[in-house]
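Residue numbers (my numbering): 24 to 298.
Heads up, the beta-carbon is just placed ideally off N, CA and C, and yes, glycines get one too.
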């Protein structure tokens, strides 16, 4: 059977060389589904492997947390690539990335921002802090005093910040990945329960094995660190989050199982604070 002739006004199909899902969905003309999410993630993970050796489970857990609307606490010794992982993840996903170094003298205004007087206009203008982004790396969060740590509570729970009485919503998607060093305890402030509760996952980064160490050396000398590219966009990530919220079915058995786990944490004498 011969193929039907192509109409004169028909447009040629787009090439698959770039990310077709993110391009087609960014315009809003097409919806994405769970299979699209899986394909996009595979492309993103493949791109991240240009600068990250191993850590596949960590990257996947960060992606799961992002799609679930949560935040991540990363724990690992210095030099284990916490910053590289977070920066590569944000760049590949197409998110605006900011980093805040939490030092003992850091103030809440250093994180959130503050109003600055403009002599030219005679009025105050908001100088936005690093929290105004899609992906915030809160580096060594436990080195800042509780008052500065508390500045993160509102943005992590409600995706908004309050600066001098004014409410400012943060652009979605928004995720905080905080890091802390498990070795050094001097000069650190333990995270309060309210802060810890804001994190959906705590991921402990393990040291690379012998083969991974060798691959890291080869990768560093190959110069591939500068060749990472964005695979998708923030707009597409928002669509992916909507799919997770609305289209993915959770059976009643799973809901009951989750409920029972939470209830058990509230009655276990070994736990100070339950779920």
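Can you list, in chain order, the residues of its chain whose CB lies under 7 angstroms from that of residue 197, leaving out five sequence neighbours each side? 157 and 182
What's the gap between the Cα of residue 163 and the Cα of residue 103? 13 angstroms
Please list, in chain order, all residues of the same chain as residue 138 whose beta carbon is under 8 angstroms from its beta carbon, the five residues on each side excluded. 147, 148, 149, 150, 186 and 187
DSSP on residue 225, reduced to helix/strand/coil? strand
Closer than 7 angstroms by C-beta to residue 131: which residues in its own chain qualify, once you throw out the five before and the five after it? Chain order, please. 170, 171 and 174
Endpoints, alpha helix (DSSP H) assigned at residue 186: No alpha helix (DSSP H) contains residue 186, which is instead part of the beta strand (DSSP E) from 183 to 186.
Report all residues from its chain with a CB closer than 6 angstroms to the CB of residue 287; omit the five preceding and five following residues, and keep chain order. none
Report the CB separation of residue 253 from residue 117 in whole angstroms; it is logged as a contact under 8 angstroms. 4 angstroms
Expressed to the nearest angstrom, what Euclidean distance is found between the alpha-carbon atoms of residue 44 and residue 84? Per-residue confidence for residue 44 stands at a pLDDT of 40, beneath the threshold of 50, marking its modelled position as unreliable; the derived number appears in the next sentence. Rounded to whole angstroms, residue 44 to residue 84 spans 22 angstroms at the Cα level.
Where the alpha helix (DSSP H) through residue 261 begins and ends: 257 to 269
Residue 144, DSSP secondary structure in three states: coil
Residue 191: first and last residue of the uninterrupted beta strand (DSSP E) it sits in: 189 to 192
Taking Cβ to Cβ, would you say residue 226 is nearer than 7 angstroms to residue 200? no
When DSSP builds the beta bridges, which residues end up paired with residue 124? 162
Contact criterion: CB-CB distance below 7 angstroms. Does residue 221 meet it with respect to chain B? Structure shown: chain B not included; a single protein chain is present.
Those residues which DSSP pairs with residue 97 across a bridge: 202 and 226
Excluding the 5 residues preceding and the 5 following residue 191 in the sequence, name in chain order all residues of the same chain whose CB lies nearer than 6 angstroms to its CB. 184
Roughly how many whole angstroms lie between the Cα atoms of residue 265 and residue 142? 44 angstroms
Using the Cα positions of residue 154 and residue 195, report the straight-line distance between them to the nearest angstrom. 12 angstroms
In the structure shown, what three-state DSSP assignment does residue 252 receive? coil
In whole angstroms, give me the CA-to-CA distance for residue 48 and residue 55. Unreliable placement is indicated for residue 48, whose pLDDT of 39 sits below 50; the coordinate value is still reported in the next sentence. Roughly 7 angstroms between the two C-alpha positions.
Do residue 268 and residue 73 have their C-beta atoms within less than 7 angstroms of each other? no
Rounded to a whole number of angstroms, what is the C-alpha to C-alpha distance between residue 62 and residue 283? 33 angstroms
So is residue 262 buried or exposed if we call it buried at 16+ other beta carbons inside 10 Å? buried
Tell me, to the nearest whole angstrom, how far the beta carbon of residue 235 is from that of residue 75; I am working on the premise that it is less than 8 angstroms. Going by Cβ atoms, the distance from residue 235 to residue 75 rounds to 10 angstroms, so no, they are not a contact pair.
Quick check on residue 135: does DSSP put it in helix, strand or coil? helix
So, using beta-carbon positions, are residue 218 and residue 165 closer together than 7 angstroms? no
In whole angstroms, what is the alpha-carbon distance linking residue 65 and residue 298? 33 angstroms
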